[in-house]
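Structure record follows, encoded as structure tokens.
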Amino acid sequence: DGGITQSPKYLFRKEGQNVTLSCEQNLNHDAMYWYRQDPGQGLRLIYYSQIVNDFQKGDIAEGYSVSREKKESFPLTVTSAQKNPTAFYLCASRQFGTEAFFGQGTRLTVV
Amino acid sequence: AQSVTQPDIHITVSEGASLELRCNYSYGATPYLFWYVQSPGQGLQLLLKYFSGDTLVQGIKGFEAEFKRSQSSFNLRKPSVHWSDAAEYFCAVGDGNKLVFGAGTILRVKS
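Pasting the structure below:
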């Protein structure tokens, strides 16, 4: 089945720790996105990538990093510089001019 | 910059009643417009989309939306709501390579 797979579903981070969220797609889409979701704030764009080895900051990139070494994969690292990382993270992919397809999300909690 | 406004944070309707969720956007050119639905702890599922042509768009699960350029609106409607429609609904506008989302409307259904 074609789709987007995010892992893990739940992730716990200790203070000062970096963690990486995985996102893989087999839809052959060029563009991939990471969004952060907090209650009442909708989806806010963290980073996006239109092509392999290229990515751009979104509206809330501080404290996050990404890589796009393969078309299918767009991992997100939440660094210790992100002071309030507890949130629901959604990965999406898209071909330009079409709708986005979303993964099932990763819930990150700071412990 | 483009923006999306969903004026209603929460809406409660009785089962069997009609539904309208409002969405206004700010965008200079002809937009790509989308409605997505999200169940708790899940990813987003596309309900319908508008790119061009007929301004009344039919989607899945009996939903429809009407694009009104003069009002910069893309309201979502359903003639008869079912209890399973309880979820959060997001309107989005496509701007080039990005999708911008509204803050969402939480729909509650009374039996």
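Top to bottom, those sequences are chains A and B.
Numbers 2 to 112, taken from the working numbering, label the letters of the first sequence in order.
Numbers 9 to 119, taken from the working numbering, label the letters of the second sequence in order.
From the three backbone atoms N, C-alpha and C, an ideal C-beta is built for every residue, glycine too.
Would you call the segment 79-94 of chain B in contact with the segment 10-24 of chain A, where contact means no fewer than 3 C-beta pairs closer than 8 Å? No: fewer than three Cβ pairs fall under 8 Å.
Counting only C-beta atoms, is residue 83 of chain B closer than 9 Å to chain A at any point? Your numbering for residue 83 of chain B matches position 75 in the second sequence. Cβ-Cβ to chain A under 9 Å: no for residue 83 of chain B.
Residue 25 of chain A, enclosing beta strand (DSSP E) - first and last residue: Taking the first sequence and counting its residues from 1, the one referred to as residue 25 of chain A is at position 24. Start and end: 20-26.
Should the segment 95-110 of chain B be called in touch with the segment 32-50 of chain A, which here means at least 3 C-beta pairs below 8 Å? yes
Would you decide whether residue 79 of chain B is buried or exposed? Buried here means 16 or more other CB atoms lie within 10 Å of its CB. Here residue 79 of chain B corresponds to residue number 71 of the second sequence, with the count starting at 1. In the assembly as shown, residue 79 of chain B is an exposed residue. Its beta-carbon has fewer than 16 other beta-carbons within 10 Å.
For the segment 32-44 of chain B and the segment 100-116 of chain B, state whether three or more C-beta atom pairs, one from each stretch, are separated by less than 8 Å. yes
Less than 9 Å between CB atoms is the rule here; does residue 69 of chain B satisfy it with respect to chain A? Here residue 69 of chain B refers to the residue found at position 61 of the second sequence. Closer than 9 Å: no.
CA nearest to the CA of residue 20 of chain B, picked from B/14, B/58 and B/29: Position 12 of the second sequence, counted from the start, is the residue given in the question as residue 20 of chain B. Cα-wise, what sits closest to residue 20 of chain B is B/29.
Reference residue 61 of chain A, options A/54, A/15 and A/84, closest by Cα: As a first step, residue 61 of chain A is located in the first sequence; it is residue number 60 there, counting from the start. Among A/54, A/15 and A/84, the Cα nearest to that of residue 61 of chain A belongs to A/84.
Residue-chain proximity (residue 5 of chain A, chain B), Cβ-Cβ < 9 Å: Walking along the first sequence from the start, residue 5 of chain A turns up at place 4. Residue 5 of chain A counts as touching chain B.
For the beta strand (DSSP E) holding residue 62 of chain A, just list the boundary residues, first then last. What you label residue 62 of chain A is simply residue 61 of the first sequence in a count that begins at 1. Segment: none, residue 62 of chain A is in no beta strand (DSSP E) and carries neither H nor E.
The segment 28-38 of chain A in contact with the segment 61-79 of chain A per 3-pair CB rule at 8 Å: yes
If distances are taken between C-alpha atoms only, which option among B/23, B/91 and B/45 comes closest to residue 109 of chain B? Taking the second sequence and counting its residues from 1, the one referred to as residue 109 of chain B is at position 101. Among B/23, B/91 and B/45, the Cα nearest to that of residue 109 of chain B belongs to B/45.
Could you work out which residue in B/119, B/107 and B/112 is closest to residue 9 of chain B when comparing CA atoms only? Here residue 9 of chain B corresponds to residue number 1 of the second sequence, with the count starting at 1. Nearest C-alpha to residue 9 of chain B: B/107.
Is there a Cβ of chain B sitting closer than 9 Å to that of residue 42 of chain A, yes or no? As a first step, residue 42 of chain A must be located in the first sequence, where it is residue number 41. Yes, its Cβ sits closer than 9 Å to a Cβ of chain B.
Within 8 Å of chain B by C-beta, residues of the segment 9-33 of chain A in sequence order: Of all residues in the segment 9-33 of chain A, 32 have a Cβ within less than 8 Å of some Cβ in chain B.
If the cut-off is 9 Å on Cβ atoms, which residues from the segment 41-71 of chain B count as contacting chain A, listed in chain order? 42, 44, 46, 49, 50, 51, 52, 53, 54, 57 and 59
When the Cα atoms are used, what is the spatial distance from residue 9 of chain A to residue 89 of chain A? Position 8 of the first sequence, counting from 1, holds the residue named residue 9 of chain A. Position 88 of the first sequence, counting from 1, holds the residue named residue 89 of chain A. Going from the Cα of residue 9 of chain A to the Cα of residue 89 of chain A covers about 12 Å.
Buried versus exposed, by CB contacts within 10 Å (16 or more), residue 38 of chain A: Residue numbering aside, residue 38 of chain A sits at position 37 when the first sequence is read from its first letter. Classification of residue 38 of chain A: buried, given that the 10 Å Cβ count is 16 or more.
Residues sharing a beta bridge with residue 103 of chain B, DSSP: Taking the first residue of the second sequence as position 1, residue 103 of chain B is located at position 95. Paired residues: B/106.
Taking 9 Å as the CB-CB limit, is residue 110 of chain B close to chain A? Indexing the second sequence from 1 puts residue 110 of chain B at position 102. For residue 110 of chain B, the answer is yes, since a Cβ of chain A falls inside 9 Å of its Cβ.
Which of helix, strand or coil DSSP assigns to residue 50 of chain A: As a first step, residue 50 of chain A must be located in the first sequence, where it is residue number 49. Residue 50 of chain A: strand per DSSP, three-state reduction.
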